[in-house]
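Peer 1:
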Ligand SMILES: *Cc1c(COP(=O)(O)O)cnc(C)c1O
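Residue numbers (my numbering): 41 to 417.
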């Protein structure tokens, strides 16, 4: 049976990627697997379970709803909610027993009002964020970060859990990363002096792979968990295995005479007699329209160019001659077929973007099927 578009997700590869990343950490350092954005498009719940099986000690998400999704699936591990929270989202975050990030006294006051505390109620664990150069969330002011930490520490119902920051360019600028780390260190020192049990954390995937000094108490790995390279190079260089394969099938094959075209706007016109395969996957599935006349797919272990415009539901591929591909044959957009391989990194390069956007962009219309090295998951 050919499914029109399918994302096959290898949970054994998630486990191995996490184990591999953990093997690069010191004995006192843990790994937090980041499963925000539906597990970077892979499916948050199955990936979270596989990451925990591979050695992750905690999970991280961006929104309250994402934390609730993990709890609804009976996942019990600590969940760190990285994002900003509106007052409206707070009850959902608290209901999910998420660990929260704070950097203003106003937010901690709001939290204190809602958290309640009292007998038998688990305190809300709070991480204080210093902005050391990302310029997004967190306070740039060390004294303010320490004040927020003090407020958390004395508020009933809250527990001071961590000190954190986030790197802006760990994938390309080691000097700026080192400068951010140097700005973070006085905060970590001040926090550990007064609250020795807190966890300090800073590293994303790129810093985990490139900056051992940034590992601290735990690293927060997103993209590397999925076997994608944070530097948009070949993930195999770091022993990472791509987790996701995106495929479709040959739905129609037809000849095109010179002057005949394929797709909207006639952006590709046959110069000589050739053959075209139509593949039912399009931009509504996550094949970005900018890939029109600008990528290749794999059929029967060979590369063929996508020709013409990417439509909402279809693409067209030039196979050249009759009978090289048959209706029903698998078409690989991302993944391996024989000795050929197309990675999310390759597509990102063609689009002038990053692999993150490729995997996150695979839409909800594409069913995700989970397996373990080919065996049913
Ligand atoms: C998304 C995110 C991460 C993970 O980043 P990767 O580059 O995917 O490893 C870590 N920390 C924070 C604060 C994030 O928002």
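For each residue, glycine too, the CB sits at the ideal point set by N, CA and C.
Would you call the CB atoms of residue 401 and residue 328 closer than 8 Å?
Peer 2: Start at 1 with the first residue of the chain shown, and residue 401 comes out as number 361. Start at 1 with the first residue of the chain shown, and residue 328 comes out as number 288. Yes; because the gap between Cβ atoms is below 8 Å, this pair is in contact.
Peer 1: Kindly indicate which residue of 115, 159, 267, 237 has the alpha-carbon position closest to the one of residue 166.
Peer 2: Residue mapping note: residue 166 aligns to position 126 of the chain shown, counting from 1. Measuring from the Cα of residue 166, the nearest candidate turns out to be 237.
Peer 1: Whose C-alpha, out of 202, 350, 158, 335, is nearest the C-alpha of residue 234?
Peer 2: On the chain shown, position 194 is the one that residue 234 refers to. The residue with the shortest Cα to Cα distance from residue 234 is 202.
Peer 1: DSSP state of residue 72, grouped into three classes?
Peer 2: If you number the chain shown from 1, residue 72 lands on position 32. Residue 72: strand per DSSP, three-state reduction.
Peer 1: Report the partner residues of residue 144 according to the DSSP bridge assignment.
Peer 2: Residue mapping note: residue 144 aligns to position 104 of the chain shown, counting from 1. Per DSSP, none; premise fails for residue 144.
Peer 1: Is the separation between the beta-carbon of residue 227 and that of residue 280 shorter than 8 Å?
Peer 2: Reading the chain shown from its first residue, position 187 is the one you call residue 227. Reading the chain shown from its first residue, position 240 is the one you call residue 280. No.
Peer 1: Return the CA-CA distance between residue 110 and residue 296, expressed in angstroms with no decimal places.
Peer 2: Sequence index remark: in the chain shown, residue 110 carries index 70 (1-based). Sequence index remark: in the chain shown, residue 296 carries index 256 (1-based). When rounded, the distance between both Cα atoms is 50 Å.
Peer 1: Quick one: using the 10 Å Cβ neighbour count with 16 as the cut-off for buried, is residue 178 buried or exposed?
Peer 2: If you number the chain shown from 1, residue 178 lands on position 138. By the neighbour-count rule (16 or more Cβ atoms within 10 Å), residue 178 is buried.
Peer 1: Under a Cβ-count criterion, where at least 16 other Cβ atoms within 10 Å of its own Cβ denotes burial, should residue 288 be classed as buried or exposed?
Peer 2: As a working mapping, residue 288 is identified with position 248 in the chain shown. Under this definition residue 288 is a buried residue.
Peer 1: Who does residue 50 pair with in a DSSP beta bridge?
Peer 2: Residue numbering aside, residue 50 sits at position 10 when the chain shown is read from its first letter. 411, per the DSSP bridge assignment.
Peer 1: Would you say the beta carbon of residue 62 is closer than 7 Å to some non-hydrogen atom of ligand 1?
Peer 2: For the purposes of this step, residue 62 is taken as the residue at position 22 of the chain shown. For ligand 1, not one heavy atom lies less than 7 Å from the Cβ of residue 62.
Peer 1: Provide the residue(s) that pair with residue 241 in DSSP beta bridges, ordered along the chain.
Peer 2: The residue you call residue 241 lines up with position 201 of the chain shown. 204, 258, per the DSSP bridge assignment.
Peer 1: Report the rounded CA-to-CA distance for residue 409 versus residue 184, giving the unit in angstroms.
Peer 2: Your numbering for residue 409 matches position 369 in the chain shown. Your numbering for residue 184 matches position 144 in the chain shown. Cα-Cα distance, rounded: 47 Å.
Peer 1: Assuming residue 358 and residue 318 make a contact with CB atoms under 8 Å, what is their CB distance in whole Å?
Peer 2: Start at 1 with the first residue of the chain shown, and residue 358 comes out as number 318. Start at 1 with the first residue of the chain shown, and residue 318 comes out as number 278. At roughly 11 Å, the Cβ-Cβ gap does not stay under 8 Å, so residue 358 and residue 318 are not in contact.
Peer 1: In whole angstroms, what is the alpha-carbon distance linking residue 206 and residue 382?
Peer 2: Position 166 of the chain shown holds residue 206. Position 342 of the chain shown holds residue 382. Approximately 31 Å between the Cα atoms of the pair.
Peer 1: Are the segment 153-162 and the segment 100-110 touching by the rule of at least three beta carbon pairs closer than 8 Å?
Peer 2: Touching, no, given that fewer than three Cβ pairs across the two stretches are closer than 8 Å.
Peer 1: How would you label residue 128, buried or exposed, when you count the other beta carbons within 10 angstroms and need 16 or more for buried?
Peer 2: In the chain shown, counting from the first residue as 1, residue 128 sits at position 88. It counts as exposed.
Peer 1: Return the first residue and the last residue of the alpha helix (DSSP H) that residue 135 is part of.
Peer 2: Here residue 135 corresponds to residue number 95 of the chain shown, with the count starting at 1. From DSSP, the alpha helix (DSSP H) with residue 135 extends over 130-135.
Peer 1: Going along the chain, which residues of its own chain have a beta-carbon closer than 7 Å to the beta-carbon of residue 355, five neighbours each way excluded?
Peer 2: Counted from its first residue, the chain shown places residue 355 at position 315. Result list for residue 355: 319, 321, 322, 327, 346, in chain order.
Peer 1: Between the alpha carbons of residue 90 and residue 252, how many angstroms are there, rounded?
Peer 2: Residue mapping note: residue 90 aligns to position 50 of the chain shown, counting from 1. Residue mapping note: residue 252 aligns to position 212 of the chain shown, counting from 1. If you take the alpha carbons of residue 90 and residue 252, they lie about 25 Å apart.
Peer 1: I'd like the list of long-range same chain contacts for residue 294, defined as Cβ closer than 8 Å, with 5 residues on each side in sequence excluded.
Peer 2: Within the chain shown, the letter at position 254 stands for residue 294. Hits under 8 Å: 315, 316, 318.
Peer 1: Which same chain residues, not among the five before or five after residue 304, have their C-beta less than 7 Å away from its C-beta?
Peer 2: The residue you call residue 304 lines up with position 264 of the chain shown. Only 349, 351 meet the Cβ criterion.
Peer 1: What do you get for residue 139, buried or exposed, if any count of 16 or more other CB atoms within 10 angstroms of its CB means buried?
Peer 2: Locating residue 139 in the chain shown gives position 99, counting from the first residue. Buried, since its Cβ has 16 or more Cβ neighbours within 10 Å.
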